[in-house]
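Taking it in order: structure first as structure tokens, then the write-up.
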Amino acid sequence: MTQKTSHNLFNIVIAFAMTMFFSCKNNFKEVQQIGVLQNEPIGIAENMNLKYTDSGRLKANLISSKMLDFSNREFSYNEFPDGILLNLYDERNKKSVIVADYAIVYNDTDLIDLRGNVLITTETKDSIFAQQLFYDQKRDWVFSNKPIKYVSPTKIVTGNAFDSSRDFTSFGISEVTSTVYLDEDTSQ
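Quick note on numbering: this note's numbering labels position 183 of the sequence shown as 192, and the sequence is numbered without any gaps.
The following block contains the structure:
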């Protein structure tokens, strides 16, 4: 009888082990997400001053009071809910400045979405005002399909779309709605 009880106990252990083995599933991604709420960032940076250099030369300087890191998402991004100040430098170290109330950087596409009171000021004192602009980092191109206003020392142009090179030396305004030429002689 002892041998029969031992044999039954062995069969029960084997059956239990097999059930546990086949009921297990690979849920490693779920385990990684424990403690991280679905809509929460994986990290928060405050008072950041990020400098991007290439071959020892400063190309960009990003300043923001807060960055939310959502790199834990399938389509990862970084959000700047309190806005940004972005200084871009060309090959001759001339600076263009971009300011926006809100920004989001999509990591997979290298696209920056700038929103709310977007202002671009160039070294030549030209300014671009918009509610939304995109900066394509791969192509070094700035564009918008929303109304913009371009102000230079000689004219003000409004339109419904805009595209430009990174250094704003080559740009275009589509669907121009108005052009006002300014008087260059302000001494009188």
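We treat Cβ as the ideally placed atom computed from N, Cα and C, and that holds for glycine.
Residue nearest to residue i in terms of C-alpha spacing, selected from the options
i       : options                            : result
Asp-172 : Tyr-111, Pro-156, Ala-112, Glu-132 : Pro-156
Ala-139 : Lys-158, Asp-122, Gln-146, Glu-132 : Lys-158
Asn-102 : Asn-70, Val-108, Asn-81            : Asn-70
Ser-179 : Gly-168, Leu-191, Trp-150, Thr-167 : Trp-150
CB of residue i within 8 Å of CB of residue j, strictly
i       : j       : result
Leu-97  : Ile-72  : no
Ile-165 : Val-185 : no
Tyr-111 : Tyr-86  : no
Asp-99  : Asp-176 : yes
Asp-119 : Val-160 : no
Glu-132 : Ser-105 : yes
Met-76  : Ala-109 : no
Ile-51  : Asp-91  : no
Val-127 : Gln-146 : no
Ala-170 : Ser-153 : yes
Those residues which DSSP pairs with residue i across a bridge
i       : result
Gly-52  : Asp-78
Asn-70  : Lys-60, Asn-96
Asp-192 : Answer is none; Asp-192 lacks a bridge partner.
Phe-171 : Ser-153, Ile-182
Phe-143 : Asp-122, Phe-152
Ser-187 : Thr-167
Ile-21  : In DSSP, Ile-21 forms no bridge with anything.
With 16 other Cβ atoms within 10 Å as the buried cut-off, status of residue i
i       : result
Ile-182 : buried
Ile-21  : exposed
Phe-19  : exposed
Tyr-144 : buried
- Task: Enumerate, from N- to C-terminal direction, the unbroken beta strand (DSSP E) stretches of 3 or more residues contained entirely within the region 74–131.
- Result: 86–89, 93–98, 104–109, 111–115, 120–130
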